[in-house]
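*Asks:*
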Amino acid sequence: MRSTLRSRLLLPLALVGALGCGDDEPEVLTVELPVVARVGTEAFACGKTYTNVGTSGTTYEPMDFRVFVHAVRLVTRDGQEVPVNLTEDGKWQHSGVALLDFANKDGLCTQGTAGTNASLRFTVPPGDYTGLRFTLGVPEDLNHGDPTKLGAPMDDAAGLHWSWQGGFIFTRIEGRTKGLPQHVMHLGSTDCAPPPAGQTQGTAGCANNNRPEFQLDGFDVTKNRVVMDLGTLFSGSNLDVNTPNTAVGCMSFPTDADCAPYFERLGLAFGSQAANPAAQTFIRAE
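If you're matching positions, the sequence shown starts at 1 in the UniProt record's numbering and goes up one per residue.
1) Using the Cα positions of V75 and P125, report the straight-line distance between them to the nearest angstrom.
2) So what does DSSP say about F168, is it helix, strand or coil?
3) For the beta strand (DSSP E) that T130 lies in, which residues bound it at each end?
4) Apply the 10 Å Cβ neighbour rule to T110 and answer buried if 16 or more other Cβ atoms are within range, or exposed otherwise.
5) Specify the secondary structure class of R176 as computed by DSSP and reduced to three states.
6) Can you check whether the CB of S252 is closer than 8 Å to the CB of G188?
7) Count the C-beta pairs between the segment 190-202 and the segment 119-139 that are closer than 8 Å, then say yes if the count reaches three, no if not.
8) Are the CB atoms of Y60 and T177 nearer to each other than 8 Å?
9) Assign E264 to buried or exposed, taking buried as 16 or more other Cβ atoms, counted over all protein chains shown, within 10 Å of its Cβ.
10) Consult DSSP for G249 and reduce its assignment to one of helix, strand or coil.
11) If you draw a straight line from the C-alpha of D217 to the C-alpha of V35, how long is it?
12) Alpha carbon to alpha carbon, what distance is there between A45 and A285?
13) Less than 8 Å separating the beta-carbons of R172 and R66?
14) If distances are taken between C-alpha atoms only, which option among K105, N210, G107, E88 comes closest to A98?
15) Of the residues V28, Q280, T203, C259, which one's Cα is nearest the Cα of S163?
16) Whole-angstrom Cβ separation of P139 and H70, contact assumed at under 8 Å?
17) May I ask you to list the residues that DSSP assigns as paired with L100?
18) Looking only at its chain, what residues have a beta carbon closer than 8 Å to the beta carbon of L233, apart from the 5 residues adjacent to it on each side?
19) Which residue or residues does DSSP assign as beta-bridge partners of N208?
20) Taking all protein chains shown into account, decide if V82 is buried (16 or more other Cβ within 10 angstroms of its Cβ) or exposed.
21) Counting only beta-carbon atoms, is V184 nearer than 8 Å to chain D?
22) Which residues share a DSSP beta bridge with D229?
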C-alpha cells in the first residue's frame, strides 16, 4: 500500500513527500531548497548597479557569481547529522556536488552560461530537522581530477578551474567598481604541492584547503532559505583599490593582504589570522 508524506508547509520550498512502497522502499522527503543571492538588502542580478558597497562606499556592477557546495547535511533536534542525497540532474548537481549559479548573460556577465541555478535539490529520510550544514567548494577526492571527465557541473575547465595542481575555483565572484575595471574574489585551495612521485597530474596535497563549513542553526527546511550576501562579504574591504603587485582583488594567495577581510567573513584562517567559523557573515538563513 502506498502512502504520501505531507510536509508541514509547502510554500517556499516545493517540499513534497515521496511515495514509499511497503517495507521494501523507505519513505523519503524530496526537497527543493532556495538559495538566494543578495548585495546587502537588494537582490543580486546581472545588469544592475549597486551603491555603497565596501568600506569606500563604491558602486558595484556584477560580472560573475558562481559557488560550488557539497557535503550537505540536515541536523536533527538531538544534534545528529543526516547527509542528504543531492539529485543527479546532469547539469547542476553531480557526485554530491552542486553548482549555484546566479549570473546570466545580462550586463557585464559575459562568462559562464545564460542559465542560472538558485536551489539545492535533494532527498532525505523524514525527521525532525532543526539545522543545515554544508561545505563550500569541491571535495578533495574530486578537486584535482580531470574536469573534462567529471561531468557537469564540474566540466567547465576554463571558467571554474585553475589547474591540475590547484584544482577548482570554489567561488568565482567578479564585478566592476568605481576604482577597478575588474574586481575578483576567487576562492580555492592554495600552496598545493606537485603531483606525487610517479604521477603527472594532481597534487600531493595543499597547505590551504580553503573549504569553509557553514552551520545554520534553527533552520526549518520547510520554511527557511539560504542567503549568500555579497554586501556582507565585501563589508570590510575597499573594492576601489588593490595592493600593488598582487592579483586584482583576491585570488586566495596567502600573501595577498586584500584576501584577509574576505577570509574572515568566510570563517577561514589567513596568515596569522586564525579560523573562526563564528565570524562568517557571507551566508545566513532567513
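The C-beta atom is built at its ideal place from N, Cα and C for all residues, glycine as well.
Here the structure is a predicted model, which is why all the values come from computation and not from measurement.
*Replies:* So, to answer that:
1) 12 Å
2) strand
3) Residues 129-136.
4) exposed
5) strand
6) yes
7) Counting Cβ pairs under 8 Å, fewer than three are found: no touch.
8) yes
9) buried
10) Correct three-state label for G249: strand.
11) 16 Å
12) 20 Å
13) yes
14) E88
15) T203
16) 5 Å between Cβ atoms; contact.
17) In the DSSP output, where bridge partners are listed per residue, L100 has V67.
18) I173, M185, Y262, R265, L266, T281, F282
19) T190
20) exposed
21) Annotation note: the requested chain D is absent from the structure, which comprises a single protein chain.
22) In DSSP, D229 forms a bridge with R38.
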